Each structure stands twice: as C-alpha cells, then as structure tokens.
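Here is the structure we will look at.
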C-alpha cells in the first residue's frame with residue numbers, strides 16, 4: 248500500500264499545562280482528541296487574524312504533536328511559548344517521526360480531519376519511504392477542494408472564516424475563550440466575511456506563479472496562492488459572481 252511522506256516538521260508540546268495552553272490558542276476544541284486521532288485548527292493573533300494552519304495529534308495525556316511547515320516551526324514555537332504564563336509546558340521538535348498520507352486504510356493512519364476525500368494521515372517513523380505519486384494525488388485533491396496550507400492566506404490579515412474553516416472542521420463555536428475568538432465568532436454570526444478561499448481552474452488561466460493580484464476590470468478582488476497545472480487557490484471577494492473575466496497581475 249503506497250504511502251507519501253510530507254515535507255513537514257512536528258512540534259511536540261507536553262507538560263502539565265500543555266492541554267490548557269493549547270486549547271486557549273486554537274480555534275478547534277482540543278477535547279475532540281479524546282475520540283479522534285487528529286484535529287484541524289488555526290492559530291490566530293489577538294485581533295482574530297490567521298497566523299498558522301495546523302493539524303494536531305494527541306500522543307498521550309498532556310502531550311501533543313503539531314504538524315507544521317518546516318520554515319514555520321520556530322515561529323509557531325515562539326507564539327505558543329509567549330502565552331505559556333504558567334511555564335509548565337515544554338516544546339521540542341519530534342525528530343524521529345514524519346507525517347505520512349495514503350489513500351489506502353493503513354494501521355496508524357486515520358481519516359484526514361479536514362475532508363475524508365484527502366485520505367488517511369498520521370505519524371510514522373522518520374525513515375519511512377515515500378511514493379511521489381501519492382503526494383501528487385494528494386496535492387491535486389487539496390487544491391481542487393480548496394483546502395489551505397500555510398502558503399494560502401495573508402498572515403496576520405486573513406480571517407479564519409475567509410479560509411472556510413467551519414466547512415473544514417477547524418473551529419468550535421462553543422468551546423469557550425481562545426485567542427482571536429471574538430472576531431471569528433462575529434463573522435460566523437453575520438453569516439459571512441467579505442472574502443473566501445476558492446479553487447480556480449488553472450487549465451483556463453495557466454498561472455505559473457503565486458501571489459498574483461486578481462482584478463475584475465480595474466477593481467482588485469483577490470490574490471492567488473498555491474497552484475499546479477490543474478488548479479490554483481485564491482482568496483477572492485464573495486461579491487464576484489463569475490470568474491470568466493478575471494485578470495492576474497504581479498504587483
């Protein structure tokens with residue numbers, strides 16, 4: 248059964264205050280890990296803007312693994328440490344594990360918490376061999392389904408609900424207080440934000456770079472992010488009803 252190993256780092260948080268600390272910083276309810284093996288969540292700043300998009304695994308009581316892009320590992324660790332007022336949580340890099348994905352049911356891998364179409368994922372030994380065809384299939388699906396990674400939003404500007412967080416099982420609206428909660432709850436109750444993350448057909452647009460500005464005529468309506476030859480992710484204004492006349496500019 249083929250397995251793909253993602254180019255991710257794993258931040259380990261553990262100690263007496265790990266659960267309480269983490270739950271106060273994420274949009275999802277960490278208690279869900281009592282009945283499932285992973286959760287999807289965002290970390291927000293105190294203004295309710297998105298900092299990080301992560302999948303979190305429970306290892307044991309007060310011990311968690313956070314999946315994060317390698318280049319963002321230290322930034323995430325510093326963010327968590329900043330709010331550890333009790334100083335009873337420890338942070339380290341989980342060096343002996345990797346994040347694996349598969350479209351076959353495999354022991355130790357569980358359904359992706361964001362969307363079951365993404366298959367199975369979980370922690371495996373660091374030296375596990377990887378099948379590139381699995382990675383390619385996964386990335387095609389991720390882009391087609393408009394599922395963001397940490398390259399698919401504007402850090403400290405995008406809102407949680409811009410990223411379709413509720414549809415991706417990444418937020419709990421009744422868990423109690425967490426950093427950035429007020430704005431996330433507000434945009435939930437007014438039913439929508441001004442923008443949303445969408446998947447565009449890149450066979451039509453032939454986009455070959457990210458961070459392009461999107462226009463309808465002379466009006467700026469959004470930005471592009473991750474892409475491949477088939478799909479491109481974009482955060483675009485909800486008021487745009489048709490994508491037939493979009494233009495893209497590097498600015």
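In the working numbering, the protein residues as written are 248 to 498. From the three backbone atoms N, C-alpha and C, an ideal C-beta is built for every residue, glycine too. Being a predicted model, the structure only gives us computed values, none of them experimental.
*Hey, quick one: how far does the alpha helix (DSSP H) through residue 450 stretch, first residue to last?*
Start and end: 449-452.
*asked:* Just checking residue 274 against the ligand ATP - is the residue's beta carbon closer than 7 Å to any of the ligand's heavy atoms?
replied: Ligands in the displayed structure: none, and consequently the ligand ATP is not present.
_Among 428, 424, 477 and 374, nearest to residue 389 - alpha-carbon criterion_ = 477
*asked:* Can you tell me which residues form a DSSP beta bridge with residue 301?
replied: 288
*By DSSP, does residue 293 sit in helix, in strand, or in coil?*
coil
*Proximity winner among 433, 429, 460 and 361, relative to residue 414 (alpha-carbon distances)*: 361
*Boundaries (first-last residue) of the beta strand (DSSP E) holding residue 316*: 310-316
_Measuring straight from C-alpha to C-alpha, what distance separates residue 432 and residue 315?_
If you take the alpha carbons of residue 432 and residue 315, they lie about 25 Å apart.
*asked:* Which complete beta strand (DSSP E) runs does the stretch 366-390 hold, if anything under 3 residues is left out?
replied: 367-372
*Between the C-alpha atoms of residue 257 and residue 441, what's the straight-line distance to the nearest angstrom?*
33 Å
*Decide yes or no for the touch test of the stretch 319-328 against the stretch 287-299: beta carbon pairs closer than 8 Å, at least 3 of them.*
yes
*Please say whether residue 427 and residue 336 have beta carbons closer to each other than 8 Å?*
No, Cβ-Cβ distance for residue 336 and residue 427 is not below 8 Å.
*Could you give the residue range of the beta strand (DSSP E) that holds residue 494?*
493-497
*With distances taken from CA atoms, which of 393, 338, 454 and 302 is nearest residue 309?*
338
*What residue range is occupied by the uninterrupted alpha helix (DSSP H) comprising residue 265?*
Residue 265 -> alpha helix (DSSP H) spans 265-270.
*Mark residue 419 as exposed unless 16 or more other C-beta atoms lie within 10 angstroms of its C-beta, in which case mark it buried.*
buried
*Identify every residue that forms a DSSP beta bridge with residue 471.*
Paired residues: 481.
_Please list the terminal residues of the continuous beta strand (DSSP E) segment that includes residue 338._
337-340
*Hey, residue 393 and residue 480 are a contact pair by Cβ (cut 8 Å); roughly how many whole angstroms apart?*
6 Å
*Along the beta strand (DSSP E) that carries residue 513, what are the first and last residues, could you check?*
Because residue 513 is not part of the residues shown, which for the chain are 248 to 498, the question remains open.
*Where does residue 278 fall in DSSP's three states?*
Assigned with DSSP and collapsed to three states, residue 278 falls in helix.
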